[in-house]
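Student: Attaching a single structure in structure tokens format; questions to follow.
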Amino acid sequence: MISKEDADSLKQLSAEEGLKWISAKFSEGIVFSTSLGQEDQVITDMIFKNQLPIKVFTLDTGRLFYEHYELLSQNNSRKECCFIRKVKPLNRALENATVWITGLRSEQSENREHMPIIEWDDERKLYKYNPLIHWNYQEVLDYLEKNKVQELSLHKKGFISVGCQPCTRAIDPGENPRSGRWWWENSHKECVAAQFEKPALLFSGGKDSITLVHLAKKAFAPMKIPFPLVHIDTGHNFPEALQFRDYLAEHIGAELIVRKVEDTIKTKKLTEPKGKFASRNWLQTHTLLDTIEEFQFDACIGGARRDEEKARAKERFFSVRDEFGQWDPKLQRPELWNIYNGRINKGENVRVFPISNWTELDVWNYIRKENIQLPSIYFAHDREVIEYDGQLIAASDFIQIDENDKMITKKVRYRTVGDMTCTAAVESDAESLESVINEIIASKISERGETRIDDKVTEAAMEDRKKGGYF
Numbered sequence: 021m022i023s024k025e026d027a028d029s030l031k032q033l034s035a036e037e038g039l040k041w042i043s044a045k046f047s048e049g050i051v052f053s054t055s056l057g058q059e060d061q062v063i064t065d066m067i068f069k070n071q072l073p074i075k076v077f078t079l080d081t082g083r084l085f086y087e088h089y090e091l092l093s094q095n096n097s098r099k100e101c102c103f104i105r106k107v108k109p110l111n112r113a114l115e116n117a118t119v120w121i122t123g124l125r126s127e128q129s130e131n132r133e134h135m136p137i138i139e140w141d142d143e144r145k146l147y148k149y150n151p152l153i154h155w156n157y158q159e160v161l162d163y164l165e166k167n168k169v170q171e172l173s174l175h176k177k178g179f180i181s182v183g184c185q186p187c188t189r190a191i192d193p194g195e196n197p198r199s200g201r202w203w204w205e206n207s208h209k210e211c212v213a214a215q216f217e218k219p220a221l222l223f224s225g226g227k228d229s230i231t232l233v234h235l236a237k238k239a240f241a242p243m244k245i246p247f248p249l250v251h252i253d254t255g256h257n258f259p260e261a262l263q264f265r266d267y268l269a270e271h272i273g274a275e276l277i278v279r280k281v282e283d284t285i286k287t288k289k290l291t292e293p294k295g296k297f298a299s300r301n302w303l304q305t306h307t308l309l310d311t312i313e314e315f316q317f318d319a320c321i322g323g324a325r326r327d328e329e330k331a332r333a334k335e336r337f338f339s340v341r342d343e344f345g346q347w348d349p350k351l352q353r354p355e356l357w358n359i360y361n362g363r364i365n366k367g368e369n370v371r372v373f374p375i376s377n378w379t380e381l382d383v384w385n386y387i388r389k390e391n392i393q394l395p396s397i398y399f400a401h402d403r404e405v406i407e408y409d410g411q412l413i414a415a416s417d418f419i420q421i422d423e424n425d426k427m428i429t430k431k432v433r434y435r436t437v438g439d440m441t442c443t444a445a446v447e448s449d450a451e452s453l454e455s456v457i458n459e460i461i462a463s464k465i466s467e468r469g470e471t472r473i474d475d476k477v478t479e480a481a482m483e484d485r486k487k488g489g490y491f
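This is how it looks when you write it as structure tokens:
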């Protein structure tokens with residue numbers, strides 16, 4: 021038993037001395053649960069350095085970061101660390117323990133502010149000892165540096181408080197260290213995979229759909245994404261986007277469904293657009309609706325955002341399409357308190373836009389935080405272009421080049437990736453994520469407003485396409 025006098029004495033001891041005192045007081049049954057965070061690495065170092073009879077364990081949820089396993093292997097090669105490699109509740113791990121040591125600190129959250137250094141856990145019938153409860157974060161960092169303690173490499177990437185992959189994000193400087201944990205819980209958004217029977221993720225190889233794939237990967241880790249990636253191939257795509265599409269699908273083990281506009285043109289005897297920049301963009305609608313019908317998809321997830329274009333600003337997160345695939349902007353469901361209604365009738369489907377409220381800058385900041393790979397086309401590179409009506413159009417077999425067109429080589433990048441016939445480049449020296457983000461901060465025009473020729477055909481070009489079934 022620990023008396024009040026013992027507890028008062030423990031308060032006067034340093035964390036290292038306190039661990040020694042606990043080890044002397046209880047000869048066995050002392051356990052320490054580590055998540056491999058910075059505080060936990062401090063305590064682990066104290067235990068191993070002093071060869072204290074304390075069993076160290078962590079719980080493998082099956083959703084840890086790769087860096088967790090890397091650090092565990094380094095720890096295990098240096099010291100004996102009891103690592104439970106199964107999804108076991110903490111209670112099972114503490115069954116025969118008499119003292120449970122934690123790395124909790126009072127400044128981490130409000131409900132830890134008044135936590136004592138040692139307390140009796142009546143539910144588990146053991147003592148809970150918090151040796152670092154009065155430490156501040158700087159003291160943790162100082163100990164790690166002074167004692168050359170190994171850390172998770174994730175900490176250098178902005179992951180200060182680290183849990184499982186799906187429930188942890190990096191934080192910005194100045195943010196509360198624990199704001200990156202369970203970061204979605206202020207939202208009531210229901211999982212699309214739970215509301216629908218046959219969802220699909222519409223994938224273009226662009227930054228927004230790549231971001232969606234990354235979010236889906238995290239949501240369903242360690243499993244594979246439980247729905248296919250669907251690409252409607254116009255035949256006018258940038259080669260870089262197609263190469264990245266194939267690479268990503270293979271890399272993450274996702275099912276990839278590709279349907280070609282070329283086949284639809286032949287099957288339905290559609291009229292191929294004519295002109296200098298003849299775009300197949302509106303023809304995608306036919307192929308998309310045929311694909312939805314072929315596979316009976318009831319939800320199609322996409323990366324459209326409201327800041328891109330005014331028609332997209334009108335659309336809900338869950339956008340219901342009728343049995344003909346058409347959208348009525350005047351007949352949309354309310355989404356009060358972020359509660360979404362996915363109920364549909366037979367033949368209808370829902371277009372789902374999870375990052376609808378994100379801005380272009382939000383997407384790029386997330387790409388930087390998560391270190392997401394992108395096609396090289398998004399960064400500055402030399403490319404042959406023609407200048408037409410103030411825009412830089414990539415030279416390709418899909419556009420009609422006449423004697424008045426002057427072919428020039430410029431250093432450019434793409435803010436948005438559509439077809440080569442309807443997507444302009446912007447002059448840029450931004451070869452890194454940081455420089456791209458700085459350019460976006462300085463820009464006063466949306467990416468589609470600056471670079472998408474197809475949106476300028478009429479004042480309501482995008483809305484007209486969406487009404488007809490376009491994504």
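According to the working numbering, the residues represented by the sequence shown are 21 to 491, in order.
A virtual CB, placed ideally from N, CA and C, is assigned to each residue, including glycine.
Give the list of continuous beta strand (DSSP E) stretches no shorter than 3 residues that lie fully inside the region 402-451.
Tutor: 411-414, 427-433, 444-447
Student: Whose C-beta lies closer than 6 Å to the C-beta of residue 361 among residues of the same chain, with five residues either side of it excluded?
Tutor: Cβ within range, chain order: 353.
Student: Using 8 Å as the cut-off, can you tell me whether the region 119-139 makes contact with the region 59-74, which would need three or more C-beta pairs spanning the two stretches below that distance?
Tutor: Segments in contact, yes.
Student: Would residue 264 and residue 395 qualify as a contact pair, given that the criterion is a beta-carbon distance under 7 Å?
Tutor: yes
Student: Give the secondary structure of residue 43 by DSSP, where H, G and I count as helix, E and B as strand, and everything else as coil.
Tutor: helix
Student: For a quick check, are the C-beta atoms of residue 59 and residue 146 less than 7 Å apart?
Tutor: no
Student: Taking only three categories from DSSP, how would you classify residue 253?
Tutor: strand
Student: If you draw a straight line from the alpha carbon of residue 42 to that of residue 55, how long is it in whole angstroms?
Tutor: Distance between the alpha carbons of residue 42 and residue 55 is about 21 Å.
Student: Less than 8 Å between the CB atoms is what I'm expecting for residue 332 and residue 324, so what's the real figure, rounded?
Tutor: 5 Å
Student: If you draw a straight line from the C-alpha of residue 27 to the C-alpha of residue 163, how long is it?
Tutor: 24 Å
Student: If you count every other CB in all the chains shown that lies within 10 Å of the CB of residue 409, and 16 or more means buried, which is it?
Tutor: exposed
Student: Would you please state the rounded distance, in angstroms, between the beta carbons of residue 284 and residue 307? I believe it to be under 8 Å.
Tutor: 4 Å
Student: One question on the structure: do residue 300 and residue 256 come within less than 7 Å of each other, judged by their Cβ atoms?
Tutor: yes
Student: I need the DSSP call for residue 514, collapsed to helix, strand or coil.
Tutor: Nothing about residue 514 can be reported from this structure: the residues present for the chain run from 21 to 491 only.
Student: Reducing DSSP to helix, strand and coil, say where residue 219 ends up.
Tutor: strand
Student: Using 8 Å as the threshold, is the region 444-457 in touch with the region 267-281, meaning 3 or more CB pairs across them?
Tutor: no
Student: Tell me which same chain residues have a C-beta within less than 6 Å of the C-beta of residue 467, skipping the five on either side of it?
Tutor: 380, 435, 436
Student: Going by beta carbon distance, what residues of the same chain come within less than 6 Å of residue 226, once the five residues before and after it are set aside?
Tutor: 437
Student: Which value, in whole angstroms, describes the spacing of the CA atoms of residue 45 and residue 139?
Tutor: 15 Å
Student: So what does residue 464 bridge to, in DSSP terms?
Tutor: None; residue 464 has no bridge partner.
Student: Just mark residue 464 as buried or exposed, buried being the case when its beta carbon has 16 or more other beta carbons within 10 Å.
Tutor: Residue 464 sits exposed, since fewer than 16 C-beta atoms from the chains shown fall within 10 Å of its C-beta.
Student: Sorted by chain position, which residues of the same chain lie with C-beta nearer than 8 Å to residue 97's C-beta, five sequence neighbours on each side aside?
Tutor: With a pLDDT of only 42 at residue 97, under the threshold of 50, the placement of this residue in the model should not be trusted; the figure read from the coordinates follows. Nothing listed; no residue qualifies.
Student: Rounded to whole angstroms, what is the Cα-Cα separation between residue 341 and residue 386?
Tutor: 30 Å
Student: If you drop the 5 nearest sequence neighbours on each side, which residues of the same chain put their C-beta closer than 6 Å to that of residue 66?
Tutor: 36, 39
Student: Nearest-angstrom Cα distance between residue 102 and residue 259?
Tutor: Residue placement at residue 102 is flagged as unreliable, the pLDDT there being 37, under the threshold of 50; a coordinate-derived value is accordingly withheld.
Student: Compute the Euclidean distance between the alpha carbons of residue 426 and residue 451, then round it to the nearest angstrom.
Tutor: Computed Cα separation, rounded: 26 Å.
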